[in-house]
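J.: Going left to right, the sequence shown walks through residues 401 to 512 as my numbering numbers them.
Have a look at this one.
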Amino acid sequence: MEFNIGNGASIVLPSFPITIISIIIIILLVRWSKQLETRRFTIFFYFLISTWISPVFSRRTEGGVFELWLPVGFIVVFIYLFRSERNHPVKLKASILGLCIALYLMILQYVG
């Protein structure tokens with residue numbers, strides 16, 4: 401969506417489904433953060449770190465460059481939560497939500 405303000409200026413917003421999904425994610429993270437007694441903001445960090453994807457393998461072929469992408473952030477957070485004594489189910493929920501976004505980003509890398 402694009403809103404023209406005037407003088408050639410405009411505000412460009414993402415598509416409607418992405419906007420709705422973003423609002424739902426923010427609502428879920430705020431609701432889950434209220435379940436923690438201390439350090440409620442850490443839920444957002446678990447989510448953001450879990451969305452990080454990175455290419456782990458790259459090969460040049462005749463058709464172009466092939467890159468193998470992995471959700472490295474989710475793997476790191478999952479190992480940390482598995483080894484930590486202060487793991488909370490809400491932290492795992494936030495990291496799984498981040499994994500869903502990471503999978504979406506990986507699909508965009510392969511399709512685009």
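C-beta atoms are modelled at their ideal positions from N, C-alpha and C, and glycine is treated no differently.
1. Give me the Cα-Cα distance between F444 and A494, rounded to the nearest whole angstrom.
2. Which first and last residues belong to the beta strand (DSSP E) in which L468 is found?
3. Roughly how many whole angstroms lie between the Cα atoms of E462 and G408?
4. Rounded to whole angstroms, what is the Cα-Cα separation between N404 and L508?
5. So F416 is in the alpha helix (DSSP H); what residue range does that whole segment cover?
6. Could you check what DSSP says for T438 in three-state terms: helix, strand or coil?
7. Can you grab the Cα-Cα spacing for the pair L436 / V476, in whole Å?
8. Terminal residues of the continuous beta strand (DSSP E) containing S454?
T.: On the basis of the coordinates in this document:
1. On the sequence shown, residue 444 is found 44 positions in, with the first residue counted as 1. On the sequence shown, residue 494 is found 94 positions in, with the first residue counted as 1. If I take the Cα positions, the gap works out to 8 Å.
2. Residue mapping note: residue 468 aligns to position 68 of the sequence shown, counting from 1. Where L468 is concerned, the enclosing beta strand (DSSP E) stretches over 464–470.
3. In the sequence shown, residue 462 corresponds to position 62, counting from 1. In the sequence shown, residue 408 corresponds to position 8, counting from 1. Taking the straight line from one Cα to the other gives about 44 Å.
4. Residue numbering aside, residue 404 sits at position 4 when the sequence shown is read from its first letter. Residue numbering aside, residue 508 sits at position 108 when the sequence shown is read from its first letter. Near 29 Å, if we compare the C-alpha coordinates of L508 and N404.
5. Numbered from its first residue, the sequence shown carries residue 416 at position 16. First-last of the alpha helix (DSSP H) with F416: 416–433.
6. One-based indexing of the sequence shown puts residue 438 at position 38. If DSSP states are grouped into helix, strand and coil, T438 belongs with coil.
7. As a position in the sequence shown, residue 436 is number 36, starting the count at 1. As a position in the sequence shown, residue 476 is number 76, starting the count at 1. About 21 Å.
8. Here residue 454 corresponds to residue number 54 of the sequence shown, with the count starting at 1. Per DSSP, S454 belongs to the beta strand (DSSP E) from 454–461.
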